[in-house]
Amino acid sequence: MTSDWDQRWKERQERPLQADSWLLKMMPLLPETGTALDIACGRGRNAVYLQQHGWQVTAVD
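Numbering (the numbering used here), first residue to last: 3 to 63.
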């Protein structure tokens, strides 16, 4: 079981970070910049995306 999980995680780590599709759809409705709290951020893909678009982000996993 553990090695199976480790393999799944390794494969996931190799994928590029890309923001969730719902965030991409919501971006036009949000202000250009702002402050965001990303709770349960995992690898931080949404936090990274927002930061790259001028947002101040605190990410906690």
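The beta carbon of each residue, even a glycine, is placed where N, CA and C say it ideally should be.
Item to check | Limits of the unbroken beta strand (DSSP E) element including Ala-49 | outcome: First-last for Ala-49: 47-54, but that is the alpha helix (DSSP H), not the beta strand (DSSP E).
Checklist entry - Cβ atoms of Ala-42 and Asp-8: under 8 Å apart, would you say? => result The answer is no: Cβ separation not under 8 Å.
Checklist entry - What's the C-alpha gap between Gln-53 and Gln-20? => result The straight-line gap from Cα to Cα measures roughly 13 Å.
Next on the checklist: Using 8 Å for Cβ pairs, my map puts Leu-32 next to Thr-60. What's the rounded Cβ distance?
Outcome noted: Contact doesn't hold; Cβ gap of about 16 Å is too wide.
Item to check | Run of the alpha helix (DSSP H) containing Leu-2, from where it starts to where it stops | outcome: Nothing can be reported for residue 2, as the shown portion of the chain is limited to 3 through 63.
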